[in-house]
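Residue numbers (this note's numbering), protein chains in the order written: chain L, 1 to 302; chain F, 303 to 604; chain B, 605 to 906.
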Amino acid sequence: MYHIISMRDFSRDEIDLILNKAKQLEPIAKGKKSDLLLGKILATLFFEPSTRTRLSFETAMKRLGGEVIDLGALEVSSVAKGETLADTIRVVANYADAIVLRHPREGAARMAAEYSRVPIINAGDGAGHHPTQTLLDLYTIMRESSLSGLRIALVGDLKYGRTVHSLAYALSLYHADMTLVSPKQLEMPDVIKKDLKKQGAVIRETTKLEDVMGDIDVLYITRIQKERFPDPAEYLKVAGSYRVTEELIKKASDSLIIMHPLPRMDEIAPAVDRTKYARYFEQSFYGVPVRMALLVMAMETT
Amino acid sequence: MYHIISMRDFSRDEIDLILNKAKQLEPIAKGKKSDLLLGKILATLFFEPSTRTRLSFETAMKRLGGEVIDLGALEVSSVAKGETLADTIRVVANYADAIVLRHPREGAARMAAEYSRVPIINAGDGAGHHPTQTLLDLYTIMRESSLSGLRIALVGDLKYGRTVHSLAYALSLYHADMTLVSPKQLEMPDVIKKDLKKQGAVIRETTKLEDVMGDIDVLYITRIQKERFPDPAEYLKVAGSYRVTEELIKKASDSLIIMHPLPRMDEIAPAVDRTKYARYFEQSFYGVPVRMALLVMAMETT
Amino acid sequence: MYHIISMRDFSRDEIDLILNKAKQLEPIAKGKKSDLLLGKILATLFFEPSTRTRLSFETAMKRLGGEVIDLGALEVSSVAKGETLADTIRVVANYADAIVLRHPREGAARMAAEYSRVPIINAGDGAGHHPTQTLLDLYTIMRESSLSGLRIALVGDLKYGRTVHSLAYALSLYHADMTLVSPKQLEMPDVIKKDLKKQGAVIRETTKLEDVMGDIDVLYITRIQKERFPDPAEYLKVAGSYRVTEELIKKASDSLIIMHPLPRMDEIAPAVDRTKYARYFEQSFYGVPVRMALLVMAMETT
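Structural data, given as structure tokens:
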């Protein structure tokens with residue numbers, strides 16, 4: 001069995017295996033018929049909403065010929081009647097061949113895996129992990145740029161941003177050259193930076209995005225999410241710190257690609273969408289082949 | 303590519319093509335197995351609820367062997383986080399082979415089509431268009447009566463009723479003889495009447511439904527929808543103006559059929575359901591073959 | 605046509621037929637591919653939430669190769685606009701090959717059957733019937749113990765508990781020896797007990813669960829549901845009256861199995877899950893083959 005809980009559980013070889021499997025399945029994500037998972041059922045359990053992630057998994061499963069059952073809105077389920085997560089998981093594992101779980105509590109996916117007789121795929125557990133987002137980010141870099149010799153700027157909230165911590169860790173396995181761009185208050189925590197360096201990453205820090213535009217292959221910008229801040233006042237000081245505009249990308253190297261996990265608010269001006277640098281919609285598409293790869297690997301080994 | 307935005311985009315020949323395609327697909331709507339759209343995915347994006355329209359599309363897609371993904375309730379999606387419609391459309395177009403969109407804002411479907419690399423099917427945009435409802439109304443008349451030499455009464459709110467404006471326009475292409483039956487306050491706007499006449503329709507107006515019962519082939523009655531009125535007081539003056547009863551249909555010509563887009567409130571007495579005139583449940587069924595035809599045409603030409 | 609409304613509509617022979625059909629289909633519930641209901645559509649109409657029952661039906665249908673359409677949350681549907689149940693049923697029957705209905709009003713399923721041209725399967729109608737729960741309970745006993753010569757204790761709220769009334773009736777057809785264990789205030793109504801005896805059941809009553817542990821084959825314990833009590837004060841007096849613990853099951857006969865319709869609150873201690881007596885998760889799984897049997901029988905005879 002093959003639970004997918006955290007990027008920390010994967011070696012670089014295992015990551016490469018997943019990315020290559022995704023590449024092999026990409027034509028199916030684009031519409032080629034498949035019955036690889038015909039007769040299989042995936043259950044989606046979203047204890048907090050994430051329409052995009054849910055739809056991406058659902059698309060992946062259905063393109064592979066499989067079926068999806070969705071627990072639906074929380075407030076109407078047995079969970080609302082006070083059922084434990086352990087019981088919910090045991091019941092749903094009776095219906096499905098794999099379970100995608102999103103939960104607001106850190107560690108929920110790991111705990112669910114202990115009670116499930118079918119694979120658990122973590123689709124985000126609070127401030128914890130969200131490995132499928134990281135894998136699709138890596139896949140986007142592999143497909144649209146290169147994971148080898150990569151120079152990347154990670155921009156925005158590097159303190160609370162779960163997406164970015166997980167991605168930085170994975171990129172350190174590829175010895176990436178990372179420039180961390182954030183307001184002083186939102187710098188990446190020291191403990192994480194130390195860990196990245198230990199893995200083999202080169203780390204640089206700055207508060208000025210414009211200074212690095214000519215020296216990077218990938219610009220990865222994220223939304224500064226109000227809901228991650230313990231104190232709303234702290235949020236207001238830094239909201240809107242960075243914005244990718246037509247003006248800014250004049251300084252970009254020719255091969256630069258711009259990524260964003262979406263949804264975006266005003267981090268990227270709409271005018272940038274039409275430039276050759278934009279890859280955030282491709283990135284969102286790549287969620288499908290990556291999740292296909294995980295679904296196939298999870299259910300093949302059941 | 304084949305967006306379906308407004309009845310105004312179709313010539314009479316194109317409408318006939320859709321209706322004939324629907325007729326050809328009708329056995330599948332009744333349960334005959336099909337894999338015409340096997341491997342295809344339809345996304346349903348309902349920015350305002352319309353269970354009936356959504357279920358009808360979902361049924362059409364699944365009867366054809368295809369799959370459906372649903373964005374689900376708005377308030378839990380990225381849209382709630384402030385994402386633009388353009389971004390939502392671009393992301394969902396990465397997952398699906400066609401998108402059914404319902405939106406409260408007039409013009410939303412046309413705008414969505416500009417950003418989508420897959421066909422957009424408009425399932426209603428506010429006070430704007432709802433072409434699949436009009437097409438199923440035409441199909442019902444074709445199957446249960448006749449589009450040629452048609453004498454029809456359109457009854458109810460002819461001022462705000464979007465359904466009726468769109469149907470009247472389409473019927474004018476068939477040179478229908480239309481009797482407009484409404485309270486004075488809810489008469490069809492002059493600009494629309496002028497346009498209908500220009501297209502070839504014969505137009506008559508009255509406030510008394512009973513006077514026309516013997517001279518029509520189709521009685522099309524609609525609900526007077528409170529939510530379309532700018533002023534609730536105006537609504538109260540006209541609510542319940544017309545009601546089809548057993549008494550009323552005694553005056554009907556033998557071949558009359560009664561249509562209603564459903565849901566009905568008290569516009570048609572339940573006793574009428576058992577008469578030979580009732581066709582509103584058949585009409586709701588015909589939504590399936592008509593939407594099948596549109597889905598097949600949209601995805602075949604992708 | 606084959607509506608499934610109430611256990612009272614089935615003879616013991618018909619029940620045995622369903623249970624044997626379920627046994628035959630059980631491998632499909634466990635993942636064996638099937639296309640028995642390929643091309644068929646099941647509509648789920650839940651006028652009150654019951655995620656577990658809905659998912660179980662959905663799983664059953666999809667494992668059999670069929671498709672599901674769901675009316676979704678009530679408050680957003682035509683029902684909210686005031687449509688009658690009769691109209692909703694007539695419209696949905698145009699889309700689907702069978703309808704699963706859950707409704708808060710007793711008698712709703714019977715009424716729906718009058719208006720539907722496709723089979724109605726009752727998934728619970730208020731204080732009325734919930735035959736598929738009873739059938740899965742019987743199936744669990746058949747698979748994990750024995751329906752013949754059965755000694756069973758029914759424990760908890762025997763006054764308001766719909767599940768238990770329906771199960772007791774069905775067990776009386778198998779001449780079961782039943783021990784009714786409840787607080788005085790929640791005893792089974794006399795009229796039901798009389799009826800059970802007339803059918804051939806042996807009935808005993810006690811308030812003390814520990815006294816019967818050595819003399820039963822099946823312990824069936826239910827949640828005391830606050831929402832079934834007309835008076836909350838009455839509920840508080842009896843909440844938590846019975847609890848199955850490791851201590852208690854020391855007195856159990858070797859072949860005892862413990863059942864619970866789930867979700868559980870604190871009626872069964874988590875430590876009991878790991879014992880050989882626990883069967884409540886198997887019981888929840890058995891909902892799938894039983895519902896498969898009903899779906900196949902309903903749609904084969906359409």
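Glycine is no exception: its CB is placed at the ideal position from the N, C-alpha and C atoms.
All figures in this text were calculated on a predicted structure; none of them were measured in a lab.
Beta carbon proximity, residue i to chain F, threshold 9 Å
i      : result
L/L262 : yes
B/E671 : yes
B/K666 : no
L/Q133 : no
B/Y699 : yes
L/S284 : yes
B/L899 : no
B/G730 : no
Nearest neighbour of residue i, chosen from the options [CA to CA]
i      : options                        : result
F/I317 : F/M601, F/R593, F/I570         : F/R593
F/I423 : F/H477, F/E529, F/I306, F/H405 : F/I306
B/L623 : B/L751, B/V704, B/A716         : B/L751
B/S925 : B/K666, B/G728, B/T879         : Any question about residue 925 of chain B goes unanswered here, given that chain B covers just 605 to 906.
L/R90  : L/G72, L/R105, L/R102, L/M111  : L/M111
B/A856 : B/T692, B/A780, B/S720, B/I756 : B/I756
F/P532 : F/L344, F/K461, F/K496, F/M515 : F/K461
Cβ-Cβ distance between residue i and residue j below 9 Å
i      : j      : result
L/L154 : L/T132 : no
F/I371 : L/T59  : yes
L/K21  : L/A298 : no
F/E584 : F/E446 : yes
F/L558 : F/Y582 : no
L/L262 : F/E385 : yes
F/V504 : F/T547 : no
F/T465 : F/T524 : yes
F/R545 : F/E569 : yes
B/K637 : L/G39  : yes
L/R52  : L/V100 : no
L/F57  : L/H103 : no
L/L64  : L/V296 : yes
F/T436 : F/S468 : yes
B/Y839 : B/Q803 : no
CB contact check: residue i to chain B, cutoff 9 Å
i      : result
F/V378 : Caution is warranted here: a pLDDT of 46 is assigned to F/V378, below 50, making its placement in the model unreliable, and the coordinate value is therefore given only provisionally. Not one chain B Cβ lies under 9 Å of F/V378.
F/P572 : yes
L/R204 : no
L/E83  : yes
F/T442 : no
L/N20  : no
L/R90  : yes
L/L71  : yes
F/K334 : yes
L/V121 : The amino acid at residue 121 of chain L is misidentified as Val; the sequence shows Ile. So, not an interface residue.
F/R581 : no
L/A98  : no
Any C-beta of chain L under 9 Å from that of residue i
i      : result
F/R412 : no
F/L247 : Residue 247 of chain F is absent from the model: chain F starts at 303 and stops at 604.
F/E602 : no
Boundaries (first-last residue) of the alpha helix (DSSP H) holding residue i
i      : result
B/A664 : 655 to 667
L/L196 : 190 to 199
L/A29  : 12 to 29
B/A780 : Taken as a continuous stretch (DSSP letters only), B/A780 belongs to no alpha helix (DSSP H), as it is neither H nor E.
F/V394 : 387 to 394
Where the beta strand (DSSP E) through residue i begins and ends
i      : result
B/E671 : 671 to 674
F/M601 : Looking at the DSSP string, F/M601 is not in any beta strand (DSSP E); the run it does join, the alpha helix (DSSP H), is 582 to 602.
F/L460 : Note, F/L460: premise wrong, no beta strand (DSSP E); not H, not E.
L/T44  : 41 to 46
TODO: With a floor of 3 residues, list each beta strand (DSSP E) that falls wholly inside the stretch 202 to 252 of chain L, ordered by position along the chain.
DONE: Runs of the beta strand (DSSP E) inside the stretch 202 to 252 of chain L: 202 to 206, 218 to 221.
Open item on the list: Ignoring anything shorter than 3 residues, give me the beta strand (DSSP E) runs that lie fully in the stretch 107 to 148 of chain L, in order along the chain.
Closed with: As far as the stretch 107 to 148 of chain L is concerned, its whole beta strand (DSSP E) runs of at least 3 residues are 120 to 125.
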